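Chains as they are written, first to last, in the working numbering: chain A, 7 to 462; chain U, 3 to 182. Where a beta carbon is used, it is the ideal one built from N, C-alpha and C, also for glycine. This one's a predicted model, so the numbers in the text were calculated from it and none came from an experiment. Some notes on the structure that comes next.
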């Protein structure tokens with residue numbers, strides 16, 4: 007039986023409202039932290055819990071908090087990153103839409119730990135109805151005295167507001183998010199200085215994902231040590247996965263870290279296997295930016311061990327035979343999915359979302375999109391496949407922010423694991439041109455084509 | 003997107019002014035520029051869903067910033083429209099997770115039904131169909147965004163019904179609808 011931390015009360019009728027949330031024990035962590043703990047003790051609990059950033063990078067949250075500059079005496083800010091835009095990821099939206107007070111409680115407790123008096127939730131502009139839900143919930147929290155001046159008579163003030171973006175994936179990158187929150191274009195900043203030293207309005211700032219902040223109330227209530235007992239090794243606690251694509255039951259699931267991928271994919275409690283019982287072709291376990299895994303590397307690692315839903319196990323084998331847990335966007339592909347078309351689709355996404363600051367990303371993503379488009383549409387050349395490999399390698403690591411890497415990795419992984427499919431597209435353009443978009447008939451394998459292994 | 007020279011009637015009424023002031027109150031007194039993105043959303047919603055240069059100048063005046071500071075933001079973010087669009091904008095998500103569940107075919111169907119190409123507006127000015135990138139509804143594909151809301155688990159019948167509802171004026175675009 008999986009532990010439910012974030013989604014424990016999700017099915018309680020009316021949990022969206024303050025009254026019901028409070029009846030279910032909501033805002034206890036604020037009471038406990040403000041009455042019985044110092045801010046540093048809260049930070050220590052989060053450190054002990056081993057909680058790692060749930061936005062994708064997996065950086066330990068407690069450690070990130072300890073970097074915040076307290077010496078300068080400048081005002082400090084906590085900004086919640088709710089700019090969830092990674093293809094395949096829709097877990098934060100689920101939390102905010104159905105249990106908005108959990109995030110607000112987490113924001114208050116975390117702001118107390120960091121010594122902030124002004125905090126923001128930055129939500130993507132497309133989630134406008136969720137923006138309204140959060141605005142309403144924040145008003146309720148103000149009315150109940152959890153926000154505002156002199157909270158619980160402790161003399162500590164906190165203002166919390168929700169701010170909306172306007173349709174830019176790049177604003178999920180923390181420095182771009184800060185720029186956007188300042189009312190500017192979402193161009194990522196060069197680091198250092200890190201936001202912990204100079205972030206929002208040049209003040210020390212911590213940017214955390216919705217899911218990370220939502221885990222804080224439980225950690226404060228039940229201690230970090232209890233949280234660390236869940237999970238495997240350095241992957242502690244529970245994690246939300248948002249499943250999509252060709253699986254039977256797409257949706258958002260909370261699981262203990264360390265469940266096997268097999269169980270998550272095939273048990274009826276979770277994804278329930280493949281839609282229409284077609285064969286599994288590939289899996290992206292952590293949002294579009296992480297490498298795709300071919301079917302033989304999904305349930306077992308290259309070393310033959312069971313693959314688990316943890317940061318370490320999903321990354322086992324590096325990028326050659328592994329992937330990454332990323333943001334938990336679990337995309338399942340069956341045999342009807344065309345990998346070339348899918349890779350082109352992702353490249354179009356990254357080209358569209360590149361902010362245009364760094365040439366390798368601005369030009370490279372567009373170039374990859376064009377090359378993939380011509381391969382997909384039957385105008386490809388044999389050397390295009392190597393050209394793609396070359397472009398992606400020159401983008402990776404050569405940009406200010408990780409969007410360049412995120413654009414390069416899916417292309418690299420697709421070629422690495424599905425090179426025969428690219429070659430098929432190049433050699434049999436007529437067959438490719440006459441297909442439906444995302445083929446309803448499976449991709450036709452050609453026996454005499456043998457994929458060349460790619461040297462990394 | 004090219005800049006439009008179409009004329010727009012600018013009307014910042016009392017209700018909108020109150021809302022703008024509320025948004026401005028969320029930021030420190032010397033950081034009012036931060037309110038730019040939320041304010042632009044509100045202003046756009048109240049002005050047929052697009053922002054003319056004149057309207058952008060007006061926003062700059064309200065926030066006490068230079069017009070260029072507004073232009074550069076409006077041209078960066080995809081949710082701000084710089085030219086007139088249909089009253090009902092169907093924004094189909096077409097990124098991988100939706101695409102493999104048939105979003106591209108459904109968008110094509112919608113375009114054919116309305117007699118437009120992607121990105122075009124119908125002659126009566128009612129509908130615009132565009133393809134956009136991931137909207138964060140991957141498990142509920144195919145889907146589209148209409149105003150402040152998402153329409154999910156779509157199929158041809160649901161799109162037909164939605165178009166009929168729009169024509170009958172039954173669709174709320176920007177009204178707050180919280181169901182408990």
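Using the beta-carbon of each residue, which ones in chain A are nearer than 7 Å to residue i?
i                     : result
residue 99 (chain U)  : 93, 94, 250, 251 and 337
residue 64 (chain U)  : Near residue 64 (chain U) there are no residues of chain A at all, since even the closest Cβ is about 13 Å away, more than 7 Å.
residue 139 (chain U) : 96
residue 164 (chain U) : Neighbours of residue 164 (chain U) on chain A: none; closest Cβ ~17 Å, over 7 Å.
Give the residues of chain U in contact with residue i, contact being defined as C-beta atoms less than 9 Å apart.
i                     : result
residue 174 (chain A) : 78, 79, 80 and 81
residue 294 (chain A) : 97, 98, 99 and 136
Return the bridge partner residues of residue i from the DSSP annotation.
i                     : result
residue 134 (chain U) : U:95
residue 245 (chain A) : A:261
residue 151 (chain U) : U:148
residue 66 (chain A)  : A:58
residue 123 (chain U) : U:130
residue 237 (chain A) : A:242
residue 251 (chain A) : A:338
residue 90 (chain U)  : U:129
Using a cut-off of 7 Å between C-beta atoms, extract the partners of residue i located in chain U.
i                     : result
residue 109 (chain A) : The premise fails here: residue 109 (chain A) is roughly 16 Å from chain U at the closest Cβ pair, so nothing lies under 7 Å.
residue 187 (chain A) : 36
residue 428 (chain A) : The premise fails here: residue 428 (chain A) is roughly 17 Å from chain U at the closest Cβ pair, so nothing lies under 7 Å.
residue 420 (chain A) : Those within 7 Å of residue 420 (chain A) in chain U number zero; the least Cβ separation is about 11 Å.
residue 325 (chain A) : Those do not exist, as residue 325 (chain A) stays about 19 Å from chain U at its closest Cβ, beyond 7 Å.
residue 359 (chain A) : 135
residue 395 (chain A) : Per Cβ cutoff of 7 Å: no residues; residue 395 (chain A) is ~21 Å from chain U at best.
residue 343 (chain A) : 102
From which residue to which residue does the alpha helix (DSSP H) around residue i run?
i                     : result
residue 351 (chain A) : 345-359
residue 336 (chain A) : Unbroken run through residue 336 (chain A) is the beta strand (DSSP E), 335-340; no alpha helix (DSSP H).
residue 184 (chain A) : 180-187
residue 17 (chain U)  : 16-26
residue 272 (chain A) : 267-272
residue 45 (chain U)  : 38-47
residue 59 (chain U)  : 55-65
residue 107 (chain A) : 106-120
residue 109 (chain U) : 105-116
residue 73 (chain U)  : 69-78
residue 162 (chain U) : 158-169
residue 93 (chain A)  : Taken as a continuous stretch (DSSP letters only), residue 93 (chain A) belongs to no alpha helix (DSSP H), as it is neither H nor E.
residue 435 (chain A) : 435-439
Hey, quick one: how far does the beta strand (DSSP E) through residue i stretch, first residue to last?
i                     : result
residue 259 (chain A) : 257-262
residue 287 (chain A) : 286-290
residue 86 (chain A)  : 83-88
residue 215 (chain A) : 211-215
Name the chain A residues whose beta carbon is nearer than 8 Å to that of residue i?
i                     : result
residue 1 (chain U)   : Outside the shown range of chain U (3 to 182) lies residue 1 (chain U), about which nothing can therefore be said.
residue 147 (chain U) : 132
residue 33 (chain U)  : 188 and 207
residue 175 (chain U) : Chain A residues near residue 175 (chain U): none, gap ~10 Å exceeds 8 Å.
residue 18 (chain U)  : By Cβ distance, chain A contributes nothing, its closest Cβ being about 16 Å from residue 18 (chain U), past 8 Å.
Please list the partners that residue i has in chain A, where partner means a Cβ-to-Cβ separation under 9 Å.
i                     : result
residue 42 (chain U)  : 172
residue 74 (chain U)  : 190 and 191
residue 143 (chain U) : 250, 251 and 256
Name the chain U residues that come within less than 8 Å of residue i, Cβ to Cβ?
i                     : result
residue 278 (chain A) : Those within 8 Å of residue 278 (chain A) in chain U number zero; the least Cβ separation is about 13 Å.
Could you tell me whether any non-hydrogen atom of the ligand ZN is closer than 7 Å to the CB of residue i?
i                    : result
residue 52 (chain A) : Absence of the ligand ZN from the depicted structure is noted, as is the absence of any ligand whatsoever, leaving it without description.
Q: Would you mind listing the beta strand (DSSP E) stretches within the segment 19-63 of chain A that are 3+ residues and don't spill past its ends, in chain order?
A: none
Q) What residue ranges within the segment 274-334 of chain A form continuous beta strand (DSSP E) runs of no fewer than 3 residues, ordered along the chain? A) 286-290
Q) For the segment 21-32 of chain A against the segment 86-99 of chain A, are there 3 or more C-beta pairs whose distance is under 8 Å? A) no
Q: Determine, using beta-carbon pairs with one atom in the segment 361-369 of chain A and one in the segment 399-407 of chain A, whether at least three such pairs fall under 8 Å.
A: yes
**Q.** Every unbroken alpha helix (DSSP H) inside the segment 348-418 of chain A [4 residues or more]
**A.** 365-382 and 388-401
Q: Would you check if the segment 121-139 of chain U and the segment 82-89 of chain U touch, i.e. whether three or more CB-CB distances between them fall below 8 Å?
A: yes
Q.
Which complete alpha helix (DSSP H) runs does the segment 123-189 of chain A hold, if anything under 4 residues is left out?
A. 134-149 and 180-187
Q. If you pair each beta-carbon of the segment 80-90 of chain A with each one of the segment 123-141 of chain A, do three or more pairs fall below 8 Å?
A. yes
(Q) I'd like to know if the segment 88-108 of chain U and the segment 134-143 of chain U are in contact, where contact means that at least 3 CB-CB pairs between them fall below 8 Å. (A) yes
Q: Spell out a yes or no on whether the segment 284-299 of chain A and the segment 324-334 of chain A are touching, meaning 3 or more CB-CB pairs, one atom from each, closer than 8 Å.
A: yes
Q) Any chance the segment 199-210 of chain A sits against the segment 149-163 of chain A, with 3 or more Cβ pairs inside 8 Å? A) no
Q. Quick check: the segment 211-223 of chain A against the segment 288-295 of chain A, are there 3 or more CB pairs under 8 Å?
A. no
Q.
I want to know whether the segment 372-388 of chain A touches the segment 429-437 of chain A - three or more CB-CB distances under 8 Å.
A. yes
Q) For the 8 Å Cβ check, are there 3 or more pairs between the segment 34-42 of chain U and the segment 63-76 of chain U? A) yes
Q) Does the count of Cβ pairs from the segment 15-23 of chain A and the segment 98-107 of chain A closer than 8 Å reach three? A) yes
Q) Can we say the segment 166-184 of chain A touches the segment 43-51 of chain A, given the rule of at least three CB pairs closer than 8 Å? A) no
**Q.** contact_flag[the segment 7-23 of chain U, the segment 40-59 of chain U] where n(CB pairs < 8 Å) is 3 or more
**A.** yes
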